[in-house]
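Chains as they are written, first to last, in this note's numbering: chain S, 86 to 316; chain F, 15 to 497.
Glycine is no exception: its CB is placed at the ideal position from the N, C-alpha and C atoms.
As the structure is a computational prediction, the values presented were derived from the model and not from experiment.
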Amino acid sequence: MNYNKFKIFLFSCLLSIVPNIYSQSDISSTDFSNYFSPPSKGVMTPDSDGFIRRWLLLEPINKPNRSNTVFTDSYIREVFATEYFPTQFTKIPSDGDKVKVGDQKLKWHALDSKLFNVKLFRFASNLDKQVYGVIFWAVTVIECAEDIENVRMAVGSNSASMWWLNGEEAVILSGDRRMVKDDCMSRRLTLKKGKNVVRGAVINGPGMSDFCLRFVYENGEPVKDITISFK
Amino acid sequence: MKKDNILLGVCSLMLSGLSTNLSAQVGEPYIHDPSTIMECDGKYYTFGTGGGGLISEDGWTWNSGAVRPGRGAAPDAIKIGDRYLVAYSSTGGGLGGGHSGQVLTMWNKTLDPTSPDFKFTDPIVVASSEEDEDCDAIDAGLLLDPTDGRLWLSYGTYFGFIRLVELDPETGKRVEGNEPINIAIDCEATDLLYRDGWYYLLGTHGTCCDGPNSTYNIVVGRSRKVTGPYVDNMGRKMLEGGGKMVIAARNGMTGAGHFGRYIETEGVEKMSCHFEADFKRGGRSVLAIYPLLWRNGWPVAGDLFKEGTYEIESERRGYALELAVDFIRMDAPRYRFWEKVEEPVVPLKPQTLDDVIDTWPKGNIDVRIGDYMFRPHQKWTITAVPDAGGYLGAPYYKIVIEGTNRALSAAEGAEVVTVPEFTGSPEQLWRIEQLIDGTYRIMPKHIPGCDEELVLVSVGDSTPSLGKFDMNSDNSKWNFRDY
């Protein structure tokens, strides 16, 4: 190998290394764009595993807790029954809507999650909002062509959370909980023909916060023949 | 009898009844060499040495009543199509005498002696032995090969060889021109089964018919071909006396003999045998039914469920079934891990029911699955329910939170809850069966508003429900831990 050829070889080797270095920096990045994108304009369906990735997320409500161990069933039922803003359990918010919670003025954001799990922590950190001692509210709308009976809402969340379908309590996840796919299931329920509103609240003291949600059939297979919208 | 003595007697009877429930079958399950258990029109049947046999309505309470003509030793039975084929021997073998014997087969459309269709066909001789032959033609075992539909009969005793002949599954006669093959020695009361590409020969070793001193035990060898050679786990042929233990004396009973296999559904198998002497029944020979487990390709008797207080662990993730109540934290001194502690070690007292029960709702409480912390809301006391009937081999159980009468119950919508008081209603009665891999399935006797047969399942890591049993899913499996 002559010197010029050696230089070309060396350059090629360096080029082959560069993408790896770049990719490593991608993994470390916590930019908003790694987790969320503005909602796409087309019809949104669940991902290949059935996870719902389109959500309206409210900026975090201040709820100081130094530890997640306080999240017993009684505690979170009481906390989530509290009215923080009017129409909390009834209105489907729009992107940019604002609500007042105590001294906080909080905005709703319409987003598509790039991950199966919606990273609430990064949602908050990228908006320069508090990340610990918080309550997040999330809303989405599921549309079905026909009634889909005997399905379960499957939720994992960090930390505790409660979820409602069309105003009815569906799932509660109590305790100092880690986000696990298919951790807690609702009882068998029906996704009715037309629009179905899914509403959830996640509470977290210290540590990571996120959730994942999908619907599954009796055999555990995900429900995918639905569409997801913001209204 | 004095009043105290009467009370003592009643208590003793109750205690002996309970302990009997947990070993052999209830009723009068007296039999020797029970044939493979057959189900016919919702009842269970087994035939024994000397004629007759047992009937059970539910598989747990057994009484005499089965009818088999022809007396002789150690029959077997098999269902082929919509008919039952019974094989038996016309003699009882000869420990010190002659070895002339015959194995015969006969058909019946039903095993229910009260049915108008109950009529055995004339018996046909399918195998025989001469007076001084190295074989006793008794102790029949039948196998319908699921791979090709061929029918095989094993027979013989310690005196000489266990032999194999082929029968015609249409007629029950010996296949024309078929010659016996020697497949084992040192056995009697053999049976054959097929599973996953292997043929298994199960034989009874040890000393027969010696009550509490009988060393009878059941061993097994296997072969890729039905004609053998059958080899044990040590590579020793059964023609050389080989055999791996399946079941021996246990639970206060000695002399396990005459294997029979019963498949409830995929993953749920039972084995039947007799014990020469049930100590609790004065040393009489009784029918026994155990879970049949498969370990590394070998069959072995499982365990009868033992009453007690347990963690009920989900095989799905390893979490424990628990009441959906507030977790009550325990106070304890905190130490820095890296610093030497001068104070003496004082054991922590575990949380007790009294510490937490007042925090629980009084009505129904949901159940969930969570990290096991040996807390009161996670400890379940499981006991047999007298007079509640049973299923093949075991009684129904109640499952209550330890120290309470709060009972696990099936609920509307095929879900599970706990109710504050156990009432004995069928949705509160549970069938507990060990599966072939050693885990368990847990099934309610009845589900309100549901006709399906469903079991306790983990639909999520943290969520129990009722669903269809699936042996290939860990959602259907549970363990009982004494932690």
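Distance, residue j Cα to residue i Cα
i      : j      : result
F/G403 : F/P458 : 13 Å
F/P226 : F/Y44  : 15 Å
F/T161 : F/G235 : 19 Å
F/D200 : F/G256 : 9 Å
F/T318 : F/E466 : Going by the sequence as given, residue 318 of chain F is Leu instead of Thr. Cα to Cα, F/L318 sits roughly 26 Å from F/E466.
F/E290 : F/E42  : 15 Å
S/R284 : S/G127 : 22 Å
F/N196 : F/Y244 : 10 Å
F/R343 : S/G260 : 11 Å
S/Q109 : S/V265 : Note on S/Q109: pLDDT 45, under 50, position unreliable in the model; the coordinate value appears next. Straight-line Cα distance between these residues: approximately 25 Å.
F/D182 : F/A91  : 15 Å
F/M120 : F/G56  : 22 Å
S/Q189 : S/F117 : 22 Å
S/K183 : S/L191 : 5 Å
F/T124 : F/V81  : 11 Å
S/S125 : S/D197 : 7 Å
F/G316 : F/G322 : 17 Å
S/A230 : S/T130 : 13 Å
F/P347 : F/T366 : 18 Å
S/Q215 : F/E426 : 44 Å
F/F388 : F/L470 : 21 Å
F/S490 : F/G463 : 21 Å
F/R382 : S/N147 : 30 Å
F/T204 : F/T218 : 7 Å
F/V100 : F/P127 : 14 Å
F/K251 : F/H272 : 20 Å
Burial state of residue i (16 or more Cβ within 10 Å)
i      : result
F/C54  : buried
F/N378 : exposed
F/N419 : exposed
F/W352 : exposed
F/K133 : exposed
F/S129 : exposed
F/P364 : exposed
F/D401 : exposed
F/Y58  : buried
DSSP beta-bridge partners of residue i
i      : result
S/V216 : According to DSSP, which records beta bridges pairwise, S/V216 is partnered with nothing at all.
F/I51  : Paired residues: none, contrary to the question.
F/P478 : F/S472
F/Q448 : F/Y454
S/F300 : S/M238
F/E71  : Looking at the DSSP assignment, F/E71 forms no beta bridge with any residue, so it has no partner.
F/P566 : Summary: the structure shown does not reach residue 566 of chain F, with chain F confined to residues 15 through 497, and so no result is reported for it.
F/Q442 : In DSSP, F/Q442 forms no bridge with anything.
F/S423 : F/V431
S/H194 : S/L142
F/R97  : F/I94
CB contact flag (residue i, residue j, <8 Å)
i      : j      : result
S/L258 : S/S242 : yes
S/I233 : S/L276 : yes
S/P145 : S/A245 : no
S/V287 : S/R237 : no
F/R177 : F/G170 : yes
F/I152 : F/A88  : yes
F/L337 : F/W374 : yes
F/Y98  : F/N122 : yes
F/G281 : F/M485 : yes
S/H194 : S/L250 : no
S/C269 : S/V308 : no
S/T157 : F/D340 : yes
F/Y405 : F/I51  : no
F/G407 : F/G73  : yes
F/S228 : F/P48  : no
F/K187 : F/V140 : yes
Beta-carbon separation (whole angstroms), residue i vs residue j, contact threshold 8 Å
i      : j      : result
S/I227 : S/K316 : With 8 Å as the limit, S/I227 and S/K316 do not qualify as a contact, their Cβ atoms being about 12 Å apart.
F/I261 : F/N310 : Going by Cβ atoms, the distance from F/I261 to F/N310 rounds to 17 Å, so no, they are not a contact pair.
F/A424 : F/P409 : That belief does not hold up - the Cβ atoms of F/A424 and F/P409 are roughly 18 Å apart, past 8 Å.
F/K320 : F/P305 : At roughly 12 Å, the Cβ-Cβ gap does not stay under 8 Å, so F/K320 and F/P305 are not in contact.
S/V203 : S/D295 : 6 Å
F/Q392 : F/E441 : Not confirmed; about 22 Å, so no contact.
F/S476 : F/G384 : 6 Å
F/R495 : F/E329 : 11 Å between Cβ atoms; not a contact.
F/H113 : F/S78  : At roughly 30 Å, the Cβ-Cβ gap does not stay under 8 Å, so F/H113 and F/S78 are not in contact.
Residue i Cβ short of 7 Å to the ligand ZN heavy atom set
i      : result
S/V128 : Absent from the structure shown: the ligand ZN. Ligands present: none.
Closer than 8 Å at the beta carbon, the chain C residues around residue i
i      : result
S/S159 : Included in the structure are the protein chains S and F, with no chain C among them.
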